[in-house]
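For the sequence shown, the positions run 229 to 432 when my numbering is used.
For reference, the structure is listed below as structure tokens.
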Amino acid sequence: METLGAPGAGLAIFVENLFPPIPSEVVLPMAGFAARLGDLSLAGAIIWTTIGSVAGAWVLYGLGAWLGHDRMRAIGARIPLVDVEDIDRTTAWFARHGTKAVFFGRMVPLFRSFISIPAGTERMSLPVFTVLTAAGSLIWNSIFVVAGYLLGANWHAVDPYASVLQYIVVAAVAVALVWFLVGRIRRRRARRPVEQQVTAVRGD
């Protein structure tokens, strides 16, 4: 950011979109602090980080479009405890709620990047995807950049609050994953006796 100014902040967020372990919740307040120091303007920090968000989302959208629905279906069929019907249900859900998922997903840790892949897989209109991504990213980026600007040298005070949000999201994902796995194991155990009976009848 000191070297490139606002475009440097945009580049950092572009990389963050492709490598989620780089937390935007740290990069964005730093951009706000840099604006406070005069290394870049506040408006420039917000605009360029939003441009970086959209550019990174385009790359992941392209990855999803390249994979395509059929290839994702084939990959899902090879994953243990995942049925092809799960992919079809996810596709149906995205068809109904995809626009909301893309917009609000840009403001949820972890999902900020990954929501672009199903949008590409299901070939959401690129202009619609771009507008929703830009709008959601603008809100998210503005909150953290302005917070860093107002906090100044204490910009890192944002991190504990952002970490709490991340922990909540991770916990929710973990609970959902456990619920899915337990339900799938029970379903397959219940299905096994029926399949054995069918096999026995066919053998007779």
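Using N, Cα and C, we set each Cβ at its ideal position, and we do this for glycine too.
- The beta-carbon distance between residue 343 and residue 329, rounded to whole angstroms, is 6 Å. This is short enough to meet the 8 Å contact definition.
- Assignment of alpha helix (DSSP H) within the region 341-366, counting only whole runs of 4 or more residues, yields 344-349 in chain order.
- When the five nearest sequence neighbours on each side are left out, the beta carbons in the same chain lying within less than 6 Å of the beta carbon of residue 270 are those of 263, 377, in order along the chain.
- Cβ neighbours of residue 355 within its own chain (closer than 7 Å, five residues either side excluded): none.
- Its Cα nearest to that of residue 233, the residue 274 stands out among 254, 246, 274, 247.
- Per DSSP, reduced to three states, the secondary structure at residue 326 is helical.
- For the set 337, 267, 349, the Cα lying nearest the Cα of residue 299 is the one of 349.
- Contact between residue 290 and residue 347 does not hold, since their C-beta atoms are separated by about 11 Å, which reaches or exceeds 8 Å.
- Here residue 230 carries a coil assignment [DSSP, helix/strand/coil].
- Annotation: residue 283 to residue 361 spans about 10 Å, alpha carbon to alpha carbon.
- Under the DSSP assignment, residue 257 falls in the alpha helix (DSSP H) whose first and last residues are 252-265.
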